[in-house]
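**Q** In my numbering, the protein residues as written are 697 to 834.
(1) Quick one: does residue 783 have its CB under 8 Å from some CB of chain B?
(2) With burial defined as no fewer than 16 other Cβ atoms inside 10 Å of the residue's Cβ, what is the status of residue 792: buried or exposed?
(3) Look at the Cβ atom of residue 689, then the Cβ atom of residue 769, and state whether they are nearer than 8 Å.
(4) What number of angstroms, rounded off, separates the C-alpha of residue 834 from the C-alpha of residue 746?
(5) On the premise that residue 735 lies in contact with residue 754, defined as a C-beta separation below 8 Å, what is that separation, rounded to the nearest angstrom?
(6) Shortest alpha-carbon distance to residue 706 belongs to which of 823, 828 and 827?
(7) Could you have a look at residue 798 and say whether DSSP puts it in helix, strand or coil?
(8) Flag this pair as touching only if the stretch 773–785 and the stretch 715–730 have three or more C-beta atom pairs under 8 Å; answer yes or no.
(9) Classify residue 701 as buried or exposed, calling it buried when 16 or more other Cβ atoms lie within 10 Å of its own Cβ.
(10) Taking DSSP's pairing of strands, which residues face residue 752 in a bridge?
(11) Helix, strand or coil, according to DSSP, for residue 807 in the structure here?
(12) How is the alpha helix (DSSP H) around residue 790 delimited, first residue to last?
(13) Excluding the 5 residues preceding and the 5 following residue 749 in the sequence, name in chain order all residues of the same chain whose CB lies nearer than 8 Å to its CB.
See the structure below:
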């Protein structure tokens, strides 16, 4: 493969990745999850990144709770909805992640520094070959 073909291939790959990123951003912006407490006292909806978007009281069951119990129930239900939307986000991100990077850790902010700045830069084999950092496959 000559230099021009390699550059064209790299540009095509870049366009594919860019299109995938655009689609991923669209999917991420549409993420939403709702959790309802076991006895239907409260229903909590969160959007992307677990941002609270709605709280509803589908029945009058919440009126029997003390303020402290209602607060705890809302927070527990919110945590369930947030966990669900984080799982959705990880599922959207996972196909775009390089090998060895856990999308769940990334979404939750628990990925280590190597996830963002690995000791050895990630690059396509063709780029490594052009830079003289690797041998072409035989």
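We put the beta carbon where it would ideally sit given N, CA and C, even for glycine.
**A** From the atom records:
(1) Absent from the structure: chain B. Only one protein chain is present.
(2) For the purposes of this step, residue 792 is taken as residue 96 along the chain shown, with counting starting at 1. Result: exposed.
(3) Because residue 689 is not part of the residues shown, which for the chain are 697 to 834, the question remains open.
(4) Position 138 of the chain shown, counted from the start, is the residue given in the question as residue 834. Position 50 of the chain shown, counted from the start, is the residue given in the question as residue 746. Caution is warranted here: a pLDDT of 48 is assigned to residue 834, below 50, making its placement in the model unreliable, and the coordinate value is therefore given only provisionally. Roughly 48 Å between the two C-alpha positions.
(5) As a working mapping, residue 754 is identified with position 58 in the chain shown. As a working mapping, residue 735 is identified with position 39 in the chain shown. Not really, about 10 Å apart at Cβ, beyond 8 Å.
(6) Against the chain shown, residue 706 aligns to sequence position 10. The residue with the shortest Cα to Cα distance from residue 706 is 823.
(7) The sequence position of residue 798 within the chain shown is 102, counting from 1. Three-state DSSP puts residue 798 in coil, outside helix and strand.
(8) yes
(9) On the chain shown, position 5 is the one that residue 701 refers to. The residue is exposed, with fewer than 16 neighbouring Cβ atoms inside 10 Å.
(10) Taking the first residue of the chain shown as 1, we reach residue 752 at position 56. Residue 752 pairs with 739.
(11) As a working mapping, residue 807 is identified with position 111 in the chain shown. Three-state result, residue 807: coil.
(12) In the chain shown, the residue the question calls residue 790 occupies position 94. It is not in any alpha helix (DSSP H) - residue 790 carries neither H nor E in the DSSP assignment.
(13) On the chain shown, residue 749 is found 53 positions in, with the first residue counted as 1. So the list reads 728, 741, 742 and 743, once near-sequence residues are dropped.
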